[in-house]
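Numbers 1 to 286, taken from this note's numbering, label the letters of the sequence shown in order.
Beta carbons are placed, not taken as given, at the ideal position from N, Cα and C, and that holds for glycine.
Heads up: the structure comes next, in structure tokens.
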Amino acid sequence: MGNILTRHFGKAWLLLVYAFLYAPLLFMIVFSFNSTRQDAVFTGFSLRWYQALLDDSKIVNGFFVSLKVALTTGVLSAVLGTFAAFVLVRYPRFWGRTVFSGMVNAPLVMPEVIIGLSLLLLMVGAQNVFGWPQRGMLTIILGHTLMGMAYAMVVVQSRLREMDRRIEEAAMDLGARPHQVFFLVTLPNIAQAVLAAFLLSFTLSFDDVVISEFLSGPGVNTLPQVIFGYARRGINPTIYAAATILIAVVTTVIVGYAVWVARATRRREREIAAAARAETKTLGVR
Numbered sequence: 001m002g003n004i005l006t007r008h009f010g011k012a013w014l015l016l017v018y019a020f021l022y023a024p025l026l027f028m029i030v031f032s033f034n035s036t037r038q039d040a041v042f043t044g045f046s047l048r049w050y051q052a053l054l055d056d057s058k059i060v061n062g063f064f065v066s067l068k069v070a071l072t073t074g075v076l077s078a079v080l081g082t083f084a085a086f087v088l089v090r091y092p093r094f095w096g097r098t099v100f101s102g103m104v105n106a107p108l109v110m111p112e113v114i115i116g117l118s119l120l121l122l123m124v125g126a127q128n129v130f131g132w133p134q135r136g137m138l139t140i141i142l143g144h145t146l147m148g149m150a151y152a153m154v155v156v157q158s159r160l161r162e163m164d165r166r167i168e169e170a171a172m173d174l175g176a177r178p179h180q181v182f183f184l185v186t187l188p189n190i191a192q193a194v195l196a197a198f199l200l201s202f203t204l205s206f207d208d209v210v211i212s213e214f215l216s217g218p219g220v221n222t223l224p225q226v227i228f229g230y231a232r233r234g235i236n237p238t239i240y241a242a243a244t245i246l247i248a249v250v251t252t253v254i255v256g257y258a259v260w261v262a263r264a265t266r267r268r269e270r271e272i273a274a275a276a277r278a279e280t281k282t283l284g285v286r
């Protein structure tokens, strides 16, 4: 009996953890199809809240604002994070490296409230002195990029550390210039990490509330801000419908990315195996 408990305890504990994490999401998805506003009794299947979602201009506008902000933030974070990671990995010694590394990593451990408040003071000061930037989509993008760049840098940095430097050295021996080595050799090898950094930054930006609250301006509200405002006023099943659509989209993207990575890995393994066979055959002929 004791052996059985020991053998299945880990599985049972893992099942409880998954139930704790995902049961609320399942509950919300089910009640997004409820025919009434009841949040404890399922009274019947209906799509009325999805129709109400399409008719709600605040949520629709907030979604497009969040999409624009997240896409821009994802691209900027991936690019800046890749450059920061490349500098820290490929140039281990330069003046100010410790300060640079600390500043890039600071958003990872700094509370978002502190970051949002400090950015708000910076933007207000810049606006008073220069008359720019106005609080709105641009300031939100700048704040989200500050956060996303730090996470993107960590993702790309781990891939660069694992990459075989001999590939780059071989390219330079064959006459490739440094920028050619980066774009033709290094970047293709870290492409999956850059894409992962983009997706992570996109998700963090799309989900952010705190920094957006500090940096948004009149008439510019992201979807999480709109949802948070509705939630403070009471139960609104329209929020359930919006969240369900977001869950479906995020799940689709994650599954698609996983399938793409698996196929790319298998294709790379086949190419390596084919190259090894060709080399073996060539050596056998000699």
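- Here Ala-78 is buried, its C-beta having at least 16 other C-beta atoms within 10 Å.
- The beta-carbon separation of Ala-193 and Arg-166, rounded to 19 angstroms, does not stay under the 8 angstroms limit for a contact.
- In the three-state reduction of the DSSP assignment, Asn-34 falls in the strand class, which pools E and B.
- In this structure, Leu-146 keeps its C-beta atom at 8 angstroms or more from the C-beta atom of Ile-114.
- By the Cβ-count criterion, Pro-188 is exposed, with fewer than 16 other Cβ atoms from all chains shown falling within 10 Å of its own Cβ.
- The C-alpha of Gly-81 is placed about 11 angstroms away from the C-alpha of Leu-88.
- In this structure, the alpha-carbon of Leu-21 lies about 26 angstroms from that of Ser-46.
- The DSSP-derived three-state label of Phe-94 is coil.
- Counting only the Cα atoms, Arg-135 lies some 8 angstroms from Pro-218.
- Rounded to whole angstroms, the separation of the alpha carbons of Ala-23 and Ala-12 is 15 angstroms.
- For Phe-100, no pairing in a beta bridge is given by DSSP.
- Your pair Ala-197 and Val-249 does not check out as a contact, with CB atoms roughly 19 angstroms apart and the cut at 8 angstroms.
- Under the DSSP assignment, Ile-167 falls in the alpha helix (DSSP H) whose first and last residues are 165-173.
- Counting C-beta atoms within 10 angstroms of its own C-beta, Ala-150 has 16 or more neighbours from the protein chains shown and is therefore classed as buried.
- Secondary structure of Phe-42 (DSSP, three-state): coil.
- Between Pro-237 and Ser-32, the gap from beta carbon to beta carbon is short of 8 angstroms.
- Beyond the five residues adjoining it in sequence on each side, Ser-212 comes within less than 6 angstroms, by CB distance, of Ile-140, Thr-222, Gln-225 in the same chain, given in chain order.
- It is roughly 39 angstroms from the alpha-carbon of Thr-36 to the alpha-carbon of Gly-143.
- In terms of CA proximity to Met-137, Met-123 leads the group Val-129, Gln-180, Asn-128, Met-123.
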